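Under this note's numbering, think of the first position of the sequence shown as 1334, with each following residue one higher.
Structure first, then comments.
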Amino acid sequence: NTDLAGNYTITITAKDSKGLTTIKKVIVIVKEKPEIKKEVKNEAPVITAKENLTLEVGQKFDTSMLNVKVSDKEDKKLDVKYEGKVNTDLAGNYTITITAKDSKGLTTIKKVIVIVKEKPEIKKEVKNEAPIITAKNLTIKQGDRFKYSMLNAQAKDREGKDISNYIVYSGKVNISKEGEYPIVLTVKDSKGSTNSMTVKVIVESINKLMLQKILDDKTSNVKVHKDEHEAIESYDVFSKGVTPPSDDDYTILNLAGYTIPVTPYKPGMGWYDANKVLNGAGDDYLCSGATSANMLNWWMDQNADYINRYLKLHGENSTCINKEFGISQNATISNFRKNPDDLFRYITKCFGNAEKKGIHPRNTMFWFLSGHDLNYRLPENKIDDRGGFFQDVFDDFSIIGQIGCSYFPDLNYCLLDNLHKNKGIGISYDTPFGSSHIVSLWGAKFDKNGNLLGVFVTDSNDGETLIDSKSGNTYGMIYMNVVKEVNTGKARLTNKVTPKGNIGAPVIDLYTLDTGKSIWENYFKSINSKK
1334 NTDLAGNYTI TITAKDSKGL TTIKKVIVIV KEKPEIKKEV KNEAPVITAK ENLTLEVGQK
1394 FDTSMLNVKV SDKEDKKLDV KYEGKVNTDL AGNYTITITA KDSKGLTTIK KVIVIVKEKP
1454 EIKKEVKNEA PIITAKNLTI KQGDRFKYSM LNAQAKDREG KDISNYIVYS GKVNISKEGE
1514 YPIVLTVKDS KGSTNSMTVK VIVESINKLM LQKILDDKTS NVKVHKDEHE AIESYDVFSK
1574 GVTPPSDDDY TILNLAGYTI PVTPYKPGMG WYDANKVLNG AGDDYLCSGA TSANMLNWWM
1634 DQNADYINRY LKLHGENSTC INKEFGISQN ATISNFRKNP DDLFRYITKC FGNAEKKGIH
1694 PRNTMFWFLS GHDLNYRLPE NKIDDRGGFF QDVFDDFSII GQIGCSYFPD LNYCLLDNLH
1754 KNKGIGISYD TPFGSSHIVS LWGAKFDKNG NLLGVFVTDS NDGETLIDSK SGNTYGMIYM
1814 NVVKEVNTGK ARLTNKVTPK GNIGAPVIDL YTLDTGKSIW ENYFKSINSK K
């Protein structure tokens, strides 16, 4: 029975003329038919839209008025485009073509007609007309608060009565994301006549706004990169006073999948690269001391005029502190300005150790300026007279900052902000060895919208690392990409960019040093008032 699955026995018997017989049994197996899976076919997107939208001459048209909805059973990522124009100044029928394409290329096209009619003649006996709404587009910064009331919309009926309180708003604004957001305003008067208008809320990127401030500042230190068509690709924003390396100065190293643009150190270019001596010098864990020295050397360049006035008033001996401290004969501002490397050597002399103890960069810079002991916190006034080169000028932390910037958006904005404010910068990050590290940051690369791409740094750990054996040049300034880790949103410094952004050093903090211009000015004013 082939209609029913099962095993069936067929018996075969053969007998010859003498009556000898042979019997053989065979099994016939009837199986169920295999289930035939229905083939799932990719279906084209479905477009629905308002048919024959009718407008009057002079009425504004926006594609949102078509109430277009696009759906696809298999695909959520759809490419939707509109073609066609509607001239609401001229009566007529206008075709808008809506095209929706799914990820597999299936396309649906729908055409809708927008009818623009002449305004009907207004009969004198008809008194009631549509109310009038007035409002303007609004521009806000990313992250700012938004309320409908900020549109300052006004509405009046044709008799001149204020009906602004009856305006109904529709549309949402994502203040976290830059873009243009349409808001529809609708009002109805007491006789049932309605009117609508659409305005845009434009959310501008805070990074783009801050970059524009930098570009508008004629004193900014910016290097522009353009493509072969002279279109701007990116901006390198450096600290003021820094002469950045040229593109030809860089050697592009490719080491085990890491791409490292690096250039040797050149004295007198406004950026510094203090390096550890190691080998028992006690500076193994003084990366913060090296970064502080670099920032302070840059700071002294920026304040050259003020420092000259200060030395003229007080004489060089006032900054030659603790003459019995070994190298104190070189611990003068004048010597540090002539021999920048001596500053880190002096910091190492003061705080170097074999116990793997580091020092805090903020405290180190404050010690240098004011003489405050690294191991004590204000308001406790504990003096270490090996520091304090400008102790009568700077007596608090107001020009020294520390900013948590582990998340990419925070780092992006803080770098733009502090470069715009002309501050010396150090950046710290976690290492794979369970400790943190800090390097000097001299500039950063941004795209034309102010989005952070990378940073230019000098590292105290690479003083003996050769760029190439032929030249004998060692590492100076290094370019590192800054990526946003997909899973966490945190920033990483890396020379190996991956889709997930999970390779590289996680950023911790920015350390900043302001030039202190206003404090200098107030100091000299107070000196002059005492004369």
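A virtual CB, placed ideally from N, CA and C, is assigned to each residue, including glycine.
It should be emphasised that the depicted structure is a prediction, and the values quoted were computed from it without experimental measurement.
Same chain only: Cβ atoms within 7 Å of residue i, ignoring 5 sequence neighbours per side
i       : result
Lys1364 : Ala1338
Asn1828 : Tyr1591, Thr1592, Ile1593, Met1813 and Asn1814
Asp1477 : Ile1508
Lys1559 : Ile1565 and Glu1566
Gly1659 : Low per-residue confidence applies at Gly1659: pLDDT is 45, beneath 50, and the placement is therefore not dependable enough to give any value.
Phe1699 : His1705, Phe1730 and Ile1733
Lys1850 : none
Thr1342 : Lys1358 and Ile1360
Ser1651 : Residue placement at Ser1651 cannot be trusted, given a pLDDT of 49 that sits under 50; what the coordinates show is reported in the next sentence. Closer than 7 Å at the Cβ level, and outside the excluded window around Ser1651, lies no residue.
Thr1387 : Ile1448 and Lys1450
Residue nearest to residue i in terms of C-alpha spacing, selected from the options
i       : options                               : result
Ile1852 : Lys1609, Ala1433, Gln1475 and Asn1636 : Asn1636
Leu1399 : Ile1431, Ser1862 and Ile1585          : Ile1431
Lys1833 : Tyr1844, Val1361 and Thr1821          : Thr1821
Met1530 : Lys1546, Val1555, Val1501 and Pro1839 : Val1501
Tyr1844 : Tyr1499, Thr1355 and Leu1629          : Leu1629
Leu1471 : Thr1440, Gly1776, Phe1699 and Ile1535 : Ile1535
Phe1857 : Ile1640, Trp1632 and Thr1342          : Ile1640
Phe1684 : Tyr1709, Arg1719, Asn1485 and Leu1711 : Arg1719
Ile1760 : Trp1632, Val1840 and Ala1382          : Val1840
Val1830 : Ala1687, Ala1589 and Glu1688          : Ala1589
Arg1491 : Asp1847, Lys1469 and Ser1526          : Ser1526
Pro1765 : Leu1826, Tyr1740 and Lys1803          : Leu1826
Asp1842 : Cys1738, Glu1462, Phe1394 and Thr1807 : Cys1738
Lys1494 : Glu1511, Asp1522, Lys1366 and Asn1861 : Asp1522
Asp1580 : Ile1860, Ile1811 and Asp1847          : Ile1811
Trp1511 : Asn1498, Lys1541 and Ile1860          : As written in the sequence, residue 1511 is Glu, which differs from the Trp given in the question. It is Lys1541 whose Cα lies nearest to the Cα of Glu1511.
Val1570 : Glu1563, Asp1549, Thr1807 and Ser1503 : Asp1549
Ile1860 : Tyr1568, Leu1707, Asp1725 and Glu1713 : Asp1725
Contact belief for residue i with residue j at Cβ below 8 Å, rounded distance in angstroms
i       : j       : result
Gln1475 : Glu1537 : 6 Å
Ser1621 : Thr1697 : 6 Å
Thr1791 : Asn1627 : 7 Å
Pro1515 : Ser1397 : 6 Å
Asp1795 : Leu1786 : Not really, about 22 Å apart at Cβ, beyond 8 Å.
Leu1484 : Val1532 : 6 Å
Val1555 : Ile1547 : 7 Å
Leu1702 : Phe1727 : 4 Å
Ser1625 : Ile1539 : That pair is no contact at about 30 Å.
DSSP bridge partner residues for residue i (one or two, in chain order)
i       : result
Gln1487 : Thr1467
Asn1612 : Bridge partners of Asn1612: none, in fact.
Ala1777 : Val1570 and Val1788
Lys1434 : Asp1412 and Thr1440
Ala1687 : In DSSP, Ala1687 forms no bridge with anything.
Ala1664 : DSSP output for Ala1664 lists no bridge partner at all.
Arg1825 : Val1816 and Pro1839
Lys1358 : Thr1344
Gln1735 : Tyr1844
Residue i and residue j closer than 8 Å at C-beta
i       : j       : result
Asp1405 : Thr1584 : no
Ile1692 : Gly1704 : no
Ala1838 : Asp1763 : yes
Ala1488 : Pro1464 : yes
Glu1384 : Val1445 : yes
Asn1426 : Ile1448 : yes
Lys1690 : Tyr1618 : yes
Thr1335 : Lys1358 : no
Pro1600 : Gly1809 : no
Asn1755 : Lys1573 : yes
Leu1518 : Ala1486 : yes
Phe1789 : Gly1776 : yes
Gly1424 : Lys1450 : According to the sequence shown, residue 1424 is Ala rather than Gly. Cβ distance < 8 Å, so Ala1424 and Lys1450 count as in contact.
Gly1767 : Ala1687 : no
Asp1408 : Asp1435 : yes
Leu1846 : Gly1721 : no
Ala1382 : Lys1443 : yes
Cβ neighbours of residue i in the same chain (closer than 6 Å, five flanking residues each side left out)
i       : result
Ala1623 : Ala1607, Phe1677 and Ser1793
Val1403 : Pro1378, Ile1380, Leu1411, Val1413 and Ala1433
Asn1340 : Ile1360 and Ile1362
Asp1743 : none
Met1602 : Thr1576
Cβ shell of residue i (< 8 Å), same chain only, five flanking positions each side left out
i       : result
Thr1354 : Thr1346, Ala1347 and Lys1348
Met1543 : Tyr1746, Leu1749, Asp1750, His1753 and Gly1783
Met1633 : Ile1640, Ile1666, Phe1669 and Arg1670
Lys1505 : Tyr1514
Gly1352 : none
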